[in-house]
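Some notes on the structure that comes next.
Numbering (our numbering), first residue to last: 1 to 310.
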């Protein structure tokens with residue numbers, strides 16, 4: 001496969017996953033910001049800006065942090081590279097370039113989503129925030145269903161999946177890190193701590209999984225254990241690395257050996273890790289900061305191996 005084609009397939013799925021992750025992140029912040037404490041509400045609304053490293057840009061152009069400005073910035077602002085409209089625009093551009101490598105149903109899922117979003121852009125609003133978040137998630141599920149249900153199992157399919165799982169691992173780590181830091185900066189009451197972590201679990205589609213594994217009592221340590229170490233949770237870091245490791249092993253050729261080694265090492269660290277080490281010896285923030293640096297190194301190595309023209 002040509003390196004340019006591999007890159008376009010990979011980034012197509014990364015951008016679509018990023019759009020979904022953006023609304024999942026907003027869903028957490030909007031839910032917790034409904035608490036009566038104004039300081040906590042503002043910190044929760046600022047959290048997506050920190051996760052996406054867009055705080056300075058937002059404050060320069062909007063100046064006021066509230067639900068309306070945050071929604072506009074992350075939904076329809078074309079100057080924000082992390083907005084849903086920017087991610088979907090980039091995904092569609094990549095999809096157009098590789099029309100011959102993806103199924104017609106996969107293309108239709110992307111293109112119809114873009115057309116609907118353009119109608120929202122023309123109206124100047126996405127309407128109710130919660131409904132918009134659900135719409136983006138549903139469209140993302142539609143795309144993935146089309147990919148899994150209609151794609152030939154070849155390298156094109158593998159690069160599509162590779163982009164999804166690397167983006168997902170990065171996002172899960174960022175959400176966990178920022179939410180844990182917010183909690184440590186505040187003297188939370190038990191009810192607020194519970195409310196915040198339920199919102200995090202729901203946003204990542206892991207609330208029912210948590211209840212099945214740990215029961216009703218929710219603690220930050222168990223949430224982190226679930227979202228970092230449990231392979232059976234689809235958005236956990238371990239599940240994403242396991243999938244990434246398997247995908248790379250299926251891509252033939254000597255050019256990706258360095259990337260394969262990096263992923264295998266990081267997967268082993270997660271596979272044989274435990275929550276006591278994360279919380280008591282390393283600290284969750286340090287652990288996740290290190291992980292984010294490693295996942296960036298992995299992504300760069302994959303890019304060098306498969307996506308740079310030889």
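Backbone N, C-alpha and C define an ideal beta-carbon position, used for all residues, glycine too.
Beta-carbon separation (whole angstroms), residue i vs residue j, contact threshold 8 Å
i: residue 227; j: residue 263; result: Residue 227 to residue 263, Cβ: 19 Å. No contact.
i: residue 199; j: residue 32; result: 5 Å
i: residue 159; j: residue 10; result: 5 Å
i: residue 12; j: residue 95; result: 5 Å
i: residue 256; j: residue 305; result: 4 Å
i: residue 74; j: residue 80; result: 7 Å
i: residue 19; j: residue 136; result: 6 Å
i: residue 78; j: residue 86; result: 6 Å
i: residue 203; j: residue 259; result: So it is not a contact: roughly 30 Å between Cβ atoms.
i: residue 82; j: residue 52; result: 4 Å
i: residue 150; j: residue 105; result: 5 Å
i: residue 54; j: residue 62; result: Between residue 62 and residue 54 the Cβ distance is about 11 Å, and since that is not below 8 Å, they are no contact.
i: residue 374; j: residue 98; result: This structure leaves residue 374 out entirely; the chain is present only between 1 and 310.
i: residue 229; j: residue 273; result: 6 Å
i: residue 88; j: residue 117; result: 6 Å
i: residue 311; j: residue 231; result: Look at the range of the chain in this structure, 1 to 310, and you will see that residue 311 is not part of it.
i: residue 49; j: residue 58; result: 5 Å
i: residue 14; j: residue 163; result: 4 Å
Exposure of residue i, with buried meaning 16 or more beta-carbon neighbours within 10 Å
i: residue 115; result: exposed
i: residue 293; result: exposed
i: residue 211; result: exposed
i: residue 297; result: exposed
i: residue 38; result: exposed
i: residue 243; result: buried
i: residue 139; result: buried
i: residue 122; result: exposed
i: residue 247; result: buried
i: residue 2; result: exposed
i: residue 277; result: exposed
i: residue 7; result: buried
i: residue 310; result: In this prediction, residue 310 scores a pLDDT of 45, lower than 50, which makes its location untrustworthy; the coordinate-derived value is nonetheless stated afterwards. With fewer than 16 other Cβ atoms within 10 Å, it is exposed.
i: residue 64; result: exposed
i: residue 308; result: exposed
i: residue 209; result: buried
i: residue 261; result: exposed
Candidates the options: closest to residue i by CA position
i: residue 191; options: 30, 36 and 16; result: 36
i: residue 16; options: 130, 276, 194 and 144; result: 144
i: residue 41; options: 291, 218, 182 and 265; result: 182
i: residue 72; options: 225, 99, 271 and 124; result: 124
i: residue 279; options: 222, 259 and 245; result: 222
i: residue 131; options: 289, 215, 245 and 27; result: 27
i: residue 205; options: 103, 275, 25 and 49; result: 25
i: residue 129; options: 289, 267, 84 and 273; result: 84
i: residue 34; options: 196, 88 and 249; result: 196
i: residue 291; options: 269, 239 and 133; result: 269
i: residue 21; options: 133, 58 and 113; result: 133
i: residue 218; options: 194, 173 and 103; result: 194
i: residue 315; options: 307, 295 and 303; result: The structure shown does not extend to residue 315, since the chain is modelled only from 1 through 310, so no value can be given for it.
i: residue 148; options: 110, 113, 103 and 120; result: 103
i: residue 250; options: 92, 161, 283 and 113; result: 161
i: residue 111; options: 285, 92 and 245; result: 92
i: residue 43; options: 275, 184 and 101; result: 184
Residue i CB to nearest heavy atom of the ligand COA below 7 Å
i: residue 220; result: The ligand COA is absent from the structure shown, which contains no ligand whatsoever.
Inter-stretch contact (C-beta, 8 Å, three-pair minimum) for the segment 163-178 and the segment 228-236: Flag = yes, the segment 163-178 and the segment 228-236 touch.
Contact between the segment 172-184 and the segment 145-156 (3+ Cβ pairs under 8 Å): Two segments are said to touch when three or more pairs of C-beta atoms, one from each, lie closer than 8 Å; by this definition the segment 172-184 does not touch the segment 145-156.
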